[in-house]
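A short write-up of the structure that comes next.
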Amino acid sequence: MRLPGLGLALAAAAAAATQASVGDRVKNVVIIGAGAAGSSAAYHLQKYAAEEGLPINITILEKTEHVGGRTVTVNAYDDPSLPVEQGASIFVTVNHILHNATRDFDLPLAGMSDNEPGDVTAIWNGDDIVWQSEEGSSWWWDVARMWWRYGLAPYRAVRLVKEVVGTFLHLYEEPHFPFRSLTQRAFELGLHKVTAVTGEQFLAEKNVKGGFTTDIMQAATRVNYASNLAHIHGLEAMVSFAAEGAIAVAGGNWQIFDKMVRASGASLLRNTTVASIAFTKDDAKPGDPRKYVLSTKDAGRQTAEAKELATAFDNVIIASPWQYSDIDAAEGVIKHRIDEIPYMKLHVTLFTSPFKLRPDFFKLAPGSKAPSNVYTTLGPNEKAKQGPDGVGKTGFYSISTLRRVVNPKTQKREFLYKIFSAEAVTPTFLSDILGARVPDTFLGPSKDDAASVEPISWYCPHWFHSYPIELPRVTFQDPILGRGLYYTSGIESFISTMETSALMGMNVARLIADDVAGKRLGKLIFGSSAQESLIELPQGQLYLVRPLSPKGYSELIFKDSAIRIRRTNQDFHYQLVVQRVFEEGEAELLAEEEGEDAEIDALAAERDEKTFLLDEALRFRAEFREGGEKVLAWRDLSGDTGDVYEFVCDAQVSESQVQQFVRAAKECQYERKYRKPHTTAADDDFEQFEFHEENPIPPASPLSSPTLTRSIESVDEMYKQRTPANSSAKRSDAVVADPVTPEKSVVKSAAASPEAPPKPIEIYAAVTAELHLFDPQPGHFVMVDDSVIATVSEVGKWEYWLQIDGKEKSWLGTPVVAEFNPVFDFEYLSFVFNHFSNDGSARSWLLRFKDQPTLENFQQAVMQAIWERLNETKWTKIQEKEREYVLDSFADLNMEDAPPVEEEEEEEERPDEEEDEGIRSEEYDSEEDEEAAEERKDGEVNSQLAVGYKHDRSFVFSTNISKVMTPKGKLMSPKKVMLHSEDRDMIIQNNIDPTKLYRMDLEYGKVVDEWNVHDDIPVVNFAPENKFAQMTGEQTFLGVSNNALYRNDFSALATTEKGYIAVASNKGDIRLFDPDGRWILGTTKNYLLLVDAQQKDGKNQGKLGFEKPFAADSKPHPKRLALTPEHVAQFYHETGKPISFTPAKFNTGEGTEETSIITATGPYIIEWNLKRVLRGVKGAYKIKRYVEEVKADDFKFGSDKNVIVALPNEVNMVAKQSLRKPTRESIIGNMPLGKDDIVNSPY
C-alpha cells in the first residue's frame, strides 16, 4: 500500500501514531553496572526519551557501593582534602562525552601536572635514560632536541595520531551513529586496517620508524595499556599517544558518572548482584517481544539467596564485562555469543614518602638529579613479550610523583607517588628506589634508622583488571545480544577508555530509544528536533544511472521510496535522504526477523536509507519531461564520471511539490556555503544552485517506460528480460530453438585450427551431435554446426583425446582431463565442457545428442577416460556397481537420498553499490594504490585464515606481519593452521618441514612447542578431537599421516560434533571411522562433493555411516557441486586462470544447522545454499568478486550471515547478502581503477 499525501503531514501523523502506541505503557529498562557505560546509558536514555516523549523507567543494579567503575578515588592519609585517583585518572579534551558532562554539571577541572620547575620526566629502558625533559624548559628546546634525535618521526606520528583519532570521532556523528554493529562501522571507516596489525607494524607501514617508536611511543602504550607495541593493535596504540590536554575532575572523576546517574532519575540499587536473567513465564502475543525477569542478591552477604525482582523489563543493558559477572542466563536469552576479552591484571600502588627517587637506581652518575616521573620501555636487545612478562627488566611500567603533600603527623612536606606494575611491589623494590630500608610491613620506621623516620608514611595498594589485551583483530562484539538485550563491553577490544565506554552506553541508549519509537522499521517516522525533516516527497523510485560505465546502465535501488531534506546536528548543514517505504505489514515482518537475528540488522543497517550531505558538489537539479514525468537528479560523488542518482517521482506527486522541494534544496545549499540563514539572501543568490551547465539528466532506464521498471525488483531481473539467463532450463531453450546467428567474434575465435589429433589406440565412442558455443557477451549458447562427429579415444598410456569434426572443418581437439569440467544434462540430452586452448583462452562448448542412448554411450566413454587417467586402472577391472556410481557422480541429478526440504523464499538481492557500502571503497585512491604496491613488492602476503569459535576472533597469518618463528628462531610460513584449547593456542604446520607440528600461544603471540611426529613420515592433515573441541580445554587432537593412524593414503580429515571422523584419500574415496555428522563435504580442484551419511533403508535405516557401515549396494550418491561450464569460461576469461577451489566450509555453530557452503577460487567467493542444492536447484550458488585473489574464507562462527575473507594484504568481513547471482555484471565485478586503467581519452 503506498503512502499518499505530503511528507510533513505524514511525518506528523506517523509521530502521533507512535506516541499513541508507546504511550499505552511505560518501558522498563534495567542496567547492570554503574560504571562509565552504565551511567552514560542511563543518562542518555533519559535524555533521548524526553526528546521523543517516551515514558521510560530506568533501574540500575550495581554490585558495589561505588558509582563510576574503575574511576576509584582514595584520600591520602585518609584526609578528604587530599583526594587521589587510583584508577581511570585522566581524560582528554577530545573526549566529547566526558568533557561536555563536566561543563553541563559544572564540575571543576584540575590539570594533571603538579610538577615544580626543575622536575625531570624520564623514559628508562632498564639500562639508560633514553629521553628526558625538564619542567620549565623552553618548549622549542624540547622540540628541537626531539627533531635532532628522531628526525621526522615525531611529526609523522603526531599527524598519524590526529588522522586516526579524527576518523574514530566519526562514530559520534550521523550516519555512523548510532551503530548496531561495531565491526560494520570499523570496516566503513577503514579502522579495521588499523586494528588488523600491531602498533609496531602500523607505525612501520606509515614510515614512523627508528628509536622514536621504541623510546617514546612504546612508553605511552606501556603506561596507558601495560602493553608493548608488538602486542597491541594499531588503533589502541594511536589512542595511547593522544594524551594532549589531559585533565581530571577536582575531587575525582567518579563525580561525572554519579551526576549522570542522578540526572537520569534512575533507581540505583547498590550492593546488588545479578544472579540470573530469564524470560518471563507469561505467554506473549505472537510477534510481541518477550520481557526479562532478573534475580538478584545482596552482594555483601555470601549466604544471601537470590530473589526475583517484581518488575519485568522490556530492555536489559549489561554494562560490565560478562566474564566477571557470574550471571546465569537462561536458555535462549543470549542468542549471540559474548566475546570473552582477556584483561591485564595491573597493580596500582599509592604511597607517600619523604624521600625522593634514588638516582643510582636508574644507573645515573653519582650526584645526578633524580627524575620525578619515570616511564619505561624495553632495552635495545630485549624481546617484546605479552602479558606480565612484557614488563621487561625494568620491573614496572611507570613511577609518577603526583604532587607534594604535607604529612598531617609530622607537618613536613612529602612526595605522593603512584606506581603501575605487573606484579605487586615489594618492600625490597621500594627500598631500592627510595634509598631507605622499607620494613616488611611497608609502614612504620625502619629498624636501622635511629631517627625513626618512616620511609613510607601512607600506603594504599590495589589491583584492577584494568586493560584488555588488545591483540590485532578485525571483528568486534556487537552491542545487540538478542531482542531487547544489549551489551556495552564489546568496545573494550576496539578501544578501552572511560570515553569509549561512555560512547557505547550512549549508543545503546540511542538504539533503545529508536527501537521504542519504531524508527528502526523505516516507516518514515523521522528524527528528533535535531534531525527535523524540512520537506518531503512521499513517493517515487530511486535509481543509480551509469550512462558511461561498463558496469551496466541502470540499477533500481528502491522500488518504493520517499525523499526528504533533514537537518543535522551541525548548524547550516542538511542531508538529502532517500528512504525505502514498506508495503503494509512488511515492516513488522522485517522487525520480527531482525529480532531473531540481530546480525542481519547489524551488517545491513543502512540498507533501507541513502543519505547525502546537501552540498553544491552534488549538482542537485530537477527535470520535468513530456508525459508528466518529474525527476530529481544529483551526482554520485563516489562513482564514475557521469554516474547520477535519480529519484523518479510518482504520478501522484504534483509539479508544484517538486518545485518547492528544489527551492528548499537551494536554500540549504546556500546556508552550507555561506554559513548564514537563507533568509538573508536575495532571489538572485539562489541561481548559482541551478546548474544549467550540467548535461541533461539521462533516462533512468533504457526501457523507456517507467511503468515497466516499477515491476522489476533489480537490474538483474531487467537483464533477464532482455537476454536468456544462465540456468540450465533456459539455456536449453537456446539449444533447441532455431539456430541463433553467433557473433562474428565468437565464430572467429572458434575458427582457429585445432591441434592435430594423435593416432588412436582404441576408440571408446564416436557419435553425431549438434555443436554449440557459449557467447559470454549475451550470455547464452549459439549453434556453430548442426552436425559434428564427437570421438573419444585412447591415444597413449593413460592418455585420452576428444575430437570434434564437422563436415567442412575440424572444430576441436583436446586431451580428456577432469579440468574440462564435464556436465551431462539428460533432460536436454546435452554435454557441456570447457576447453583451455594453448593461446590462454577458455571456451564452453555444448554437444546436443539426438536421443538418450547416444548420450549415455558418450557419457560412459568420457567418464571411462577420465577415471582411467586419474586412477591408472582399466575401467573393465572395476565392478559394474562402481561404474554406475562414477557415472552418476558427474550426471546433473538430484540427491534421491536427500531429505525433503521446505520451499523457501529467494533471498532479496541488493545492487552492488548498496551491498558494498562501508565494506570497501571502490573509489580510486592513489595513496591506497601505492600502499598496495608496496605491500606486494616483498611478495609476502596473507596465507591462512582461522575463525575463532570461543572468542569470535579471526586470525590471519602473513609472514611479513606475524613473523612466525619456530622455537629455534627460524622463520616459517604456515601451511595449515587450527585453533585449539578455547582459541588460546593455534596448531601450525610448517610448509617446509611437514613432519613437525607447532603450538603457538596466542596470548603471548609466539610458538612455544614443537612436536616431531615422525622423522620421515609427513603429517598430511589434523583436526579437532570433535567438532567443537576448540571451544573447550581439550588438549588432544587428531592427525593423519600416510600410514600413521590409518592404513590408507589419507589426505583429508574432518570430525563431527560427536567425534565421528571422516577421512578422504587422494584417490577420491571417503571412509567413515568411529562408531550428528550427517553431511560430509569434500573439495577437489574444480568441484565439491556433498555426501549424506544417513542410511535410507535396510536394517540400519536412520543410522549414520559413522555408526554402521553402508551395505555394498546402498552407498550414498554424492551430489557434485560445480560451477556451470559457461561460468567457468567467464571466470577464466576474467582472470586467465582455471578453477581451483579453496577448502570448502559449512557454516557452523553450537546448535546451528548447516545451511550454507562457502569456498573461493581466484578473486571470487562462492556460496551454495544447502536447501537449494538438496532440492535439485541448478546453479544454486552466488558469488562476489574481489580485486585480488581470495587466499581463504570461512563463515563467522554461529552464523551463515557473515563471511570472513582473507585477501593477500587485508581481511574483510562481508555480509552473505552481498553475494550476487552469477551474471555477466557480477562476474566482471565493480573493479576499482588502477593507475594503468586511466587513459587520456575523452568519452
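Numbering (mature numbering (1 follows the signal peptide of the UniProt record, and there is no 0)), first residue to last: -20 to -1, 1 to 1223. Here a beta-carbon is modelled for each residue, glycine too, at the ideal position from N, C-alpha and C.
For S541, count neighbouring Cβ atoms within 10 angstroms of its own Cβ and tell me buried if that reaches 16, exposed if not. As a working note, residue 541 is residue 561 in the sequence shown. S541 should be labelled buried.
Local conformation of Q519 per DSSP, three classes: Locating residue 519 in the sequence shown gives position 539, counting from the first residue. Q519: strand per DSSP, three-state reduction.
Going by beta-carbon coordinates alone, are L649 and Q519 separated by less than 8 Å? One-based indexing of the sequence shown puts residue 649 at position 669. One-based indexing of the sequence shown puts residue 519 at position 539. Note that residue 649 corresponds to Gln in the displayed sequence, not to Leu. Not in contact: Q649 and Q519 (Cβ atoms no closer than 8 Å).
If you follow the beta strand (DSSP E) that E603 is in, where does it begin and where does it stop? For this step, residue 603 is matched to residue 623 along the sequence shown. Residues 601 to 604.
Sequence-distant residues of the same chain with beta carbon closer than 8 Å to V64, five excluded per side: What you label residue 64 is simply residue 84 of the sequence shown in a count that begins at 1. The answer, listed in chain order, is T53, V54, N55, A56, L330, L382, L396, K398.
Under 6 Å Cβ to Cβ from Q783, same chain only, skipping five residues before and after it: list those, please. Locating residue 783 in the sequence shown gives position 803, where the first residue counts as 1. Result list for Q783: P737, T771, G793, in chain order.
Go ahead and pull the three-state DSSP assignment for P833. Numbered from 1 along the sequence shown, position 853 holds the residue referred to as residue 833. The answer is helix: DSSP assigns P833 an H, G or I state.
Identify, in the order they occur along the chain, each residue of the same chain with its Cβ nearer than 6 Å to the Cβ of S275, setting aside the five sequence neighbours on each side. Reading the sequence shown from its first residue, position 295 is the one you call residue 275. Taken in chain order, the residues that qualify are A255, S256, A286, E288.
Using CA coordinates, which residue listed in L34, P88, E589 is at the minimum distance from N233? Position 253 of the sequence shown, counted from the first residue, corresponds to residue 233. Here the closest residue by C-alpha is P88.
Excluding the 5 residues preceding and the 5 following P334 in the sequence, name in chain order all residues of the same chain whose CB lies nearer than 7 Å to its CB. Position 354 of the sequence shown, counted from the start, is the residue given in the question as residue 334. Closer than 7 Å at Cβ, skipping near neighbours: K392, E394, V433.
For T252 and Q637, the rounded distance between their alpha carbons: By one-based count along the sequence shown, residue 637 stands at place 657. By one-based count along the sequence shown, residue 252 stands at place 272. Counting only the Cα atoms, T252 lies some 58 Å from Q637.
Consult DSSP for Y1067 and reduce its assignment to one of helix, strand or coil. Mapped onto the sequence shown, residue 1067 falls at position 1087. Coil.
Mind checking whether L209 and M197 have CB atoms under 8 Å apart? Start at 1 with the first residue of the sequence shown, and residue 209 comes out as number 229. Start at 1 with the first residue of the sequence shown, and residue 197 comes out as number 217. Taking 8 Å as the Cβ cut-off, L209 and M197 qualify as a contacting pair.
Between the Cα of Q555 and those of K739, S469, E651, D620, spot the shortest distance and give me the residue it belongs to. Locating residue 555 in the sequence shown gives position 575, where the first residue counts as 1. Ranking the options by Cα distance to Q555, first place goes to E651.
I believe L78 touches A482 by the beta-carbon criterion, under 8 Å. Please report the beta-carbon distance rounded to the nearest angstrom. Along the sequence shown, read from residue 1 onward, the residue named residue 78 stands at position 98. Along the sequence shown, read from residue 1 onward, the residue named residue 482 stands at position 502. Yes, L78 and A482 are in contact; Cβ-Cβ is about 6 Å, under 8 Å.
Examine the Cβ distances between the stretch 182 to 197 and the stretch 125 to 132 and report whether three or more of them are shorter than 8 Å. yes
Expressed to the nearest angstrom, what Euclidean distance is found between the alpha-carbon atoms of G33 and A133? As a first step, residue 33 must be located in the sequence shown, where it is residue number 53. As a first step, residue 133 must be located in the sequence shown, where it is residue number 153. One C-alpha to the other measures close to 52 Å.
Would you kindly work out how many angstroms separate the C-alpha atoms of W443 and S469, rounded to a whole number? In the sequence shown, the residue the question calls residue 443 occupies position 463. In the sequence shown, the residue the question calls residue 469 occupies position 489. One C-alpha to the other measures close to 20 Å.
Within 8 Å, strictly: CB atoms of R828 and A1109: Numbered from its first residue, the sequence shown carries residue 828 at position 848. Numbered from its first residue, the sequence shown carries residue 1109 at position 1129. Not in contact: R828 and A1109 (Cβ atoms no closer than 8 Å).
Could you give the residue range of the beta strand (DSSP E) that holds W778? Numbered from 1 along the sequence shown, position 798 holds the residue referred to as residue 778. Per DSSP, W778 belongs to no beta strand (DSSP E) and is neither H nor E.
If you pair each beta-carbon of the stretch 234 to 242 with each one of the stretch 38 to 51, do three or more pairs fall below 8 Å? yes
For K315 and L461, which I take to be in contact (beta-carbon distance under 8 Å), what is that distance rounded to the nearest angstrom? Here residue 315 corresponds to residue number 335 of the sequence shown, with the count starting at 1. Here residue 461 corresponds to residue number 481 of the sequence shown, with the count starting at 1. Confirmed, Cβ separation roughly 7 Å.
From L612 to A602, what distance separates their C-alpha atoms? Within the sequence shown, the letter at position 632 stands for residue 612. Within the sequence shown, the letter at position 622 stands for residue 602. Between L612 and A602, the C-alpha separation is close to 4 Å.
Between which residues of its own chain and T101 is the CB-CB distance below 6 Å, once the five residues before and five after are set aside? Here residue 101 is taken as the residue at index 121 of the sequence shown, counted from 1. Correct list, in chain order: S113, N353.
With distances taken between CB atoms, is the gap from N230 to A81 smaller than 8 Å? By 1-based counting over the sequence shown, the position of residue 230 is 250. By 1-based counting over the sequence shown, the position of residue 81 is 101. First, the amino acid is wrong: residue 230 is Ala here, not Asn. In this structure, A230 keeps its C-beta atom at 8 Å or more from the C-beta atom of A81.
Could you pull out every residue in the same chain whose Cβ sits closer than 7 Å to the Cβ of P388, ignoring the five residues on either side in sequence? Taking the first residue of the sequence shown as position 1, residue 388 is located at position 408. Answer for P388: Y57, D59, listed in chain order.
Nearest by alpha-carbon distance to Q282: which of K173, K43, F671 is it? Position 302 of the sequence shown, counted from the first residue, corresponds to residue 282. Looking at the Cα atoms, K43 is the closest of the given residues.
Give me the Cβ distance between G558 and F627, rounded to the nearest whole Å; I'm assuming they're in contact under 8 Å. Counted from its first residue, the sequence shown places residue 558 at position 578. Counted from its first residue, the sequence shown places residue 627 at position 647. Looking at the sequence shown, residue 558 is not Gly but Val. That pair is a contact at about 6 Å.
Given D765, which residues of its chain have a CB within under 6 Å of its CB, disregarding the five upstream and five downstream residues? Position 785 of the sequence shown, counted from the first residue, corresponds to residue 765. Once the five neighbours on either side are set aside, the close Cβ partners of D765 are L751, G786.
What's the C-alpha gap between G245 and S19? Counting from one through the sequence shown, the residue named residue 245 turns up at place 265. Counting from one through the sequence shown, the residue named residue 19 turns up at place 39. So the two alpha carbons sit approximately 11 Å from each other.
Work out the CA separation of A200 and G372 for me, nearest whole Å. Against the sequence shown, residue 372 aligns to sequence position 392. Against the sequence shown, residue 200 aligns to sequence position 220. Taking the straight line joining both Cα atoms gives about 15 Å.
Where do the N-terminal and C-terminal ends of the beta strand (DSSP E) with N208 fall, by residue? In the sequence shown, counting from the first residue as 1, residue 208 sits at position 228. N208 -> no beta strand (DSSP E), and no H or E assigned at all.
Tell me which residue opens and which closes the alpha helix (DSSP H) that K1151 is part of. Counted from its first residue, the sequence shown places residue 1151 at position 1171. It spans 1150 to 1154 - the alpha helix (DSSP H) in which K1151 sits, taken as one unbroken run.
Would you report the Cα separation of Y439 and V386, rounded to the nearest angstrom? Translated into the one-based positions of the sequence shown, residue 439 becomes position 459. Translated into the one-based positions of the sequence shown, residue 386 becomes position 406. The alpha-carbon atoms of Y439 and V386 are separated by roughly 15 Å.
Cβ-Cβ separation, T1139 to F1121 (assumed contact under 8 Å), whole Å: Taking the sequence shown and counting its residues from 1, the one referred to as residue 1121 is at position 1141. Taking the sequence shown and counting its residues from 1, the one referred to as residue 1139 is at position 1159. Contact flag correct, Cβ pair sits at about 5 Å.
Residue nearest to D495 in terms of C-alpha spacing, selected from T856, R160, R979, I1146: Position 515 of the sequence shown, counted from the first residue, corresponds to residue 495. That would be R160, whose Cα lies nearest to the Cα of D495.
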